[in-house]
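Some notes on the structure that comes next.
Number of protein chains: 2
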Amino acid sequence: MPKIDLDTIPQVNATGYPAPHADAVQGRWYRRLGPASGLTEFGVSHVTLKPGGWSSQRHWHEDEDEFVVLLSGEAILVDDNGRTPMRPGDCASFPKADGNGHCLINESDRDCVFIAVGRPPAGRGHYPDIDMAWDGSAKKFTRKDGSDF
Amino acid sequence: MPKIDLDTIPQVNATGYPAPHADAVQGRWYRRLGPASGLTEFGVSHVTLKPGGWSSQRHWHEDEDEFVVLLSGEAILVDDNGRTPMRPGDCASFPKADGNGHCLINESDRDCVFIAVGRPPAGRGHYPDIDMAWDGSAKKFTRKDGSDF
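Chains A and B, in that order, give the protein sequences. Going by this note's numbering, the first residue of the first sequence is number 1, and it counts up by one from there. Going by this note's numbering, the first residue of the second sequence is number 150, and it counts up by one from there.
Next comes the structure, spelled out in structure tokens:
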């Protein structure tokens with residue numbers, strides 16, 4: 001059955017971020033739709049951001065295109081351009097290697113739901129606001145100097 | 150600016166389907182968001198199905214995963230399982246090579262809007278209900294016996 005029964009897919013707020021950077025994404029509850037529905041060529045996450053929740057720390061990838069579309073609620077897209085409200089039906093693209101750190105923050109008092117599409121990054125991810133980096137080859141977060149947390 | 154200004158992207162109802170198979174998709178008006186927003190790893194289409202419009206002829210791909218999420222309005226997902234209503238927020242995945250021909254049909258009296266994600270298929274596409282096939286290597290539609298229209 002191609003239509004996805006979301007209720008059958010576990011919703012988690014797990015993160016690989018080390019403390020204290022994990023705190024911001026505790027309100028990010030997501031379902032991985034790709035593996036659950038047989039997709040292998042790209043990943044799709046169904047994300048509910050609770051009030052105050054962040055989609056991620058502000059970041060950009062050297063080798064991963066990302067796309068989001070808002071389904072319900074509101075979020076603020078934060079990037080090098082400033083703050084941009086996102087409402088249901090709004091779309092945003094984050095081309096790989098654009099050097100523009102981005103995240104969504106739910107500053108409202110109700111849930112925000114969006115779909116995020118991407119592919120697993122094998123290269124580096126950059127976090128301009130904090131002392132953290134993603135090492136795609138080692139599949140782990142490090143400090144910016146490469147040292148472990 | 151990551152947020153996409155949909156109004157700046159041309160909306161077209163072009164199709165490569167030969168007559169008479171093109172008739173069903175005349176009410177499919179779409180914007181290609183990937184090229185317009187710098188994405189190269191996957192394609193994203195923002196599609197408005199007018200009343201009576203079909204998303205495609207019913208089909209499946211040997212080598213392309215597809216994913217859709219409904220943004221507004223309603224459509225009927227038609228596949229080998231029958232007819233499944235799709236409403237805003239509903240998601241569906243169409244894994245490559247699943248052999249299950251699918252399409253969305255807007256049987257309502259107002260527009261239906263959805264996002265479709267995929268990657269350009271290089272292999273064959275199958276259309277179980279009509280005498281047509283997609284030849285990905287030649288990038289053209291043929292009859293099922295391989296002959297040209």
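Each residue gets a CB set at the ideal place from its N, CA and C atoms; glycine is no exception.
{"Query": "Kindly give me the distance between the Cβ atoms of alanine 92 (chain A) and valine 68 (chain A), rounded to whole angstroms, as I take these residues to be in contact under 8 Å.", "Result": "5 Å"}
{"Query": "One question on the structure: do valine 262 (chain B) and threonine 197 (chain B) come within less than 8 Å of each other, judged by their Cβ atoms?", "Result": "yes"}
{"Query": "With 9 Å as the limit, tell me which residues of the segment 31-58 of chain A have their beta carbon closer than that to any beta carbon of chain B; keep them in chain order.", "Result": "Leu33, Gly34, Ala36, Ser37, Gly38, Leu39, Thr40, Glu41, Phe42, Val44, His46"}
{"Query": "Express the C-alpha separation of serine 108 (chain A) and serine 72 (chain A) in angstroms, rounding to a whole number.", "Result": "12 Å"}
{"Query": "For a quick check, are the C-beta atoms of glycine 53 (chain A) and glycine 43 (chain A) less than 8 Å apart?", "Result": "no"}
{"Query": "From arginine 177 (chain B) to lysine 144 (chain A), what does the alpha carbon distance come to, in whole angstroms?", "Result": "48 Å"}
{"Query": "Would you mind reading off the limits of the alpha helix (DSSP H) that contains alanine 303 (chain B)?", "Result": "There is simply no residue 303 (chain B) to check, as chain B begins at 150 and stops at 298 in what is shown."}
{"Query": "Does the CB of glycine 295 (chain B) have a neighbour CB from chain A at under 8 Å?", "Result": "no"}
{"Query": "So valine 69 (chain A) contacts chain B; which residues on that side make the cut at Cβ distance below 8 Å?", "Result": "Val218, Leu220, Ile264"}
{"Query": "Which one of A:Asn81, A:Gly38, A:Pro18 has the shortest CA to CA distance from serine 147 (chain A)?", "Result": "A:Pro18"}
{"Query": "Considering only their Cβ atoms, is the gap separating serine 56 (chain A) from valine 25 (chain A) smaller than 8 Å?", "Result": "yes"}
{"Query": "Look up threonine 8 (chain A) in the DSSP assignment and say whether it is helix, strand or coil.", "Result": "helix"}
{"Query": "Tell me aspartate 80 (chain A)'s beta-bridge partners as DSSP assigns them.", "Result": "None, per the DSSP bridge assignment."}
{"Query": "Tell me, please, whether the CB atom of histidine 251 (chain B) is closer than 8 Å to any CB atom in chain A?", "Result": "yes"}
{"Query": "Residue range of the beta strand (DSSP E) that arginine 124 (chain A) falls in?", "Result": "124-126"}
{"Query": "Step through the CB atoms of chain D and report whether any lies within less than 8 Å of the CB of aspartate 260 (chain B).", "Result": "Absence of chain D from the displayed structure is noted, the protein chains being A and B."}
{"Query": "Quick check: what's the CA-CA separation for aspartate 63 (chain A) versus arginine 207 (chain B)?", "Result": "34 Å"}
{"Query": "Under a Cβ-count criterion, where at least 16 other Cβ atoms within 10 Å of its own Cβ denotes burial, should arginine 236 (chain B) be classed as buried or exposed?", "Result": "exposed"}
{"Query": "Identify each residue in the segment 269-297 of chain B for which the Cβ-Cβ distance to at least one residue of chain A is less than 8 Å, and report them in chain order.", "Result": "none"}
{"Query": "Using only alpha-carbon positions, find the residue among A:Leu70, A:Asp5, A:Arg32, A:Lys3 that is nearest to lysine 152 (chain B).", "Result": "A:Leu70"}
{"Query": "Could you list which residues in chain B have their beta carbon closer than 8 Å to that of serine 93 (chain A), in chain order?", "Result": "Pro151, Ile153, Leu182, Gly183, Ser186, Gly187, Leu188, Val193"}
{"Query": "Run down chain B in chain order and give the residues with a C-beta less than 8 Å from the C-beta of glycine 89 (chain A).", "Result": "Leu220, Ser221, Val262"}
{"Query": "Just mark glycine 274 (chain B) as buried or exposed, buried being the case when its beta carbon has 16 or more other beta carbons within 10 Å.", "Result": "buried"}
{"Query": "Could you name the residues of chain A that threonine 157 (chain B) contacts, counting a contact when the two beta carbons are closer than 9 Å?", "Result": "None at all; the shortest Cβ gap to chain A is about 12 Å."}
{"Query": "Relative to the C-alpha of leucine 39 (chain A), which candidate in A:Phe149, A:Tyr127, A:Pro120 has its C-alpha closest?", "Result": "A:Pro120"}
{"Query": "Starting from threonine 142 (chain A) and walking both ways along the beta strand (DSSP E), at which residues does that stretch end?", "Result": "140-142"}
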